[in-house]
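In full-length UniProt numbering, the protein residues as written are 1 to 279.
Think of the CB as a built atom: it goes at the ideal place given N, C-alpha and C, for glycine as much as any other residue.
A quick note: this is a predicted structure, and the numbers were derived from the prediction, not measured.
First the structure, in the form of structure tokens, and then the observations on it.
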Amino acid sequence: MVEMGKRISSDLEEEARTIARGINEWWLSLLEGQQICRQIAFCMLGIHLMRYVPVGRVIAQRYFTHDITSGRVLTLLTGQLGHSGWMHLGSNVIKLIGVGELTWFILRNKQTKEDNRLHEALSGYHFLAFYAAAGTVASLSSHLFLARLQVPKVVQALKRPPMESNAVVQQIVHTAGSSGAVSANMAVVALELASSDPSLFYFPSTDMTMGPLLLCFAIVDAIGLRYGWRRMDYAAHFGGIAFGSLYYYVGPALWDWLRRSTDWKAHLLTQEYDTEKLN
């Protein structure tokens, strides 16, 4: 029995090492953009799993869900990591992996192929900055739209008896999800590869190419905003598409200017430090 136990333990240990080796080899085989997209997806999955633990649910609700009446600004950024359900999470992860990797590649090409640009050893920082900014702008778009609709109702409700006012306040929509950031990534891909097939990026198969499909999404979002549809967060989607489209044309040049400005300041600080050291 002892020998059998040792043999089983040894077999399990060897199997665990084989699995770990396989996972490590798979991870190292991925490009930088693929790794970053999967890291973001793992973060979103971990935060969603927190909702199934009492303490974690409170943390996820407070720090990874945006409430327009809370006064917190940080959740405009962190809210894109939280999701309302498994379907919401799954669809955003699939679309992120489909278009996020290509966005990283497109941004990298703009730095390496165009003239007078600073080359990047790693383009992950550029992609992360774009992704975070896109999600924040999309969240802000949603915040402004919901505030325009709901704040007047809350103000009127506060004039009513407590029971009625509490019922209105509880109906305030809390937003979460990375749909806006994903929409921005989709806009970059659609503008760069307008004639490509959407099914290549895990979108449903259709006769339209990515360019017209992006235009259709923008029109639907605009109509949803105009008529106050509440099935989805149309404001966040529209804000993400607008940000991604704008960034495609002017963002890489702005990123390059910021890098040059930062490098100049860093070089100046280094010179001052060397001068003080010599003195």
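Opening and closing residue of the alpha helix (DSSP H) in which residue 285 lies: Here the chain covers residues 1 to 279 and nothing more, so residue 285 does not appear.
Which residues mark the beginning and the end of the alpha helix (DSSP H) in which T75 is found? T75 to T78
What is the DSSP secondary structure of H48, reduced to helix, strand or coil? helix
For L246 and D197, I'd like the C-alpha separation in whole angstroms. 22 angstroms
Can you tell me where the alpha helix (DSSP H) with V55 in it begins and where it stops? P54 to Y63
Measuring CB atoms only, is the region 222 to 238 touching the region 247 to 259, in the sense that at least three cross pairs come out at less than 8 angstroms? no
Taking 8 angstroms as the cut-off, does the region 212 to 221 touch the region 127 to 142 (at least 3 CB pairs, one atom from each stretch)? Flag = no, the region 127 to 142 and the region 212 to 221 do not touch.
Is the distance from the Cβ of S183 to the Cβ of Q80 below 9 angstroms? For the 9 angstroms CB-CB criterion, S183 and Q80 do not form a contact.
Nearest residue (CA-CA) to L254, options R62, N116 and G33: Nearest C-alpha to L254: N116.
Which residue or residues does DSSP assign as beta-bridge partners of H174? D67
Residue nearest to R108 in terms of C-alpha spacing, selected from E32, I241 and A218: Nearest of E32, I241 and A218 to R108, Cα basis: E32.
Run through DSSP, which three-state label would H83 get? coil
Integer-rounded CB distance, given that A41 should sit under 8 angstroms from L96: 6 angstroms
Among G239, Y63 and L118, the one whose alpha carbon lies nearest that of R260: L118
On a CA-only basis, which of Q34, T262 and F238 is nearest G124? Give me that one, please. Q34
Can you find at least 3 beta carbon pairs, one from the region 96 to 106 and one from the region 59 to 69, that sit closer than 8 angstroms? Result no; under three Cβ-Cβ pairs closer than 8 angstroms.
Any idea what DSSP makes of M208, helix, strand or coil? Coil at M208, not helix or strand.
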